[in-house]
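Enquirer:
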Amino acid sequence: MARWENGPGVLHGVASAVPVEIAASYRARARGLLGRDGIEGALLLTPASGVHTFRMRFAIDVAYLSRDFTVLAVRTMRPGRLGLPRLRARHVLEAEAGAMARWGVRPGLRLGVQPRR
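Going by this note's numbering, the first residue of the sequence shown is number 2, and it counts up by one from there.
1. Thinking C-alpha only, which one of V11, G84 and L83 is nearest A43?
2. Compare the Cα-Cα distances from P80 to each of H13, G36 and Y27 and report the closest residue.
3. Can you give me the Cβ contacts of M78 inside the same chain, cut-off strictly under 7 Å, excluding the 5 residues immediately before and after it?
4. Under the three-state reduction of DSSP, which class applies to M57: helix, strand or coil?
5. With L34 and L94 assumed to form a contact (beta carbons below 8 Å), what rounded beta-carbon distance in angstroms separates them?
6. Give me the Cβ distance between L73 and P108, rounded to the nearest whole Å; I'm assuming they're in contact under 8 Å.
7. Round the Cβ separation of P116 and G14 to the nearest angstrom and send it over; I've been treating them as touching at under 8 Å.
8. Would you kindly work out how many angstroms separate the C-alpha atoms of H92 and R58, rounded to a whole number?
9. In the DSSP assignment, find the unbroken alpha helix (DSSP H) run with A16 in it and report its ends.
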């Protein structure tokens, strides 16, 4: 997909389809998960190569994805942390801590995101 738009989507490539909120605009990416107490599913930040958890209320799992949605790395971040940017990352997938392990997301796995219109 050449240009992403904000809105709902579905994450494929894991055991079961996972609902995804796509944050493609600067404003949506900057807001991210700030001010929330949790998230059902995941949040896709695109384009993005790094994240922070300042002013967040809960720990998150972060998956750094390449341009073709191959998982480069998965990290768990507590609130108040700054994640180092990944050089080859083009997208970042965020979810509540523990969710990536439940879904089987690991480095080398190729994911897919389908926007819902």
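C-beta atoms are modelled at their ideal positions from N, C-alpha and C, and glycine is treated no differently.
Expert: Result, derived from the coordinates:
1. If you number the sequence shown from 1, residue 43 lands on position 42. Checked all of V11, G84 and L83; the closest Cα to A43 is V11.
2. Taking the first residue of the sequence shown as position 1, residue 80 is located at position 79. Per the Cα distances, G36.
3. As a first step, residue 78 must be located in the sequence shown, where it is residue number 77. Contacts found: T54, A60, I61, V63 and G84.
4. Here residue 57 is taken as the residue at index 56 of the sequence shown, counted from 1. Here M57 sits in coil by DSSP.
5. Indexing the sequence shown from 1 puts residue 34 at position 33. Indexing the sequence shown from 1 puts residue 94 at position 93. The Cβ separation is near 12 Å, so there is no contact.
6. Taking the sequence shown and counting its residues from 1, one reaches residue 73 at position 72. Taking the sequence shown and counting its residues from 1, one reaches residue 108 at position 107. Sure, about 6 Å apart at Cβ, within 8 Å.
7. As a working mapping, residue 116 is identified with position 115 in the sequence shown. As a working mapping, residue 14 is identified with position 13 in the sequence shown. About 15 Å; that fails the 8 Å criterion.
8. Counting from 1 along the sequence shown, the entry for residue 92 is found at position 91. Counting from 1 along the sequence shown, the entry for residue 58 is found at position 57. The alpha-carbon atoms of H92 and R58 are separated by roughly 22 Å.
9. As a working note, residue 16 is residue 15 in the sequence shown. Note, A16: premise wrong, no alpha helix (DSSP H); not H, not E.
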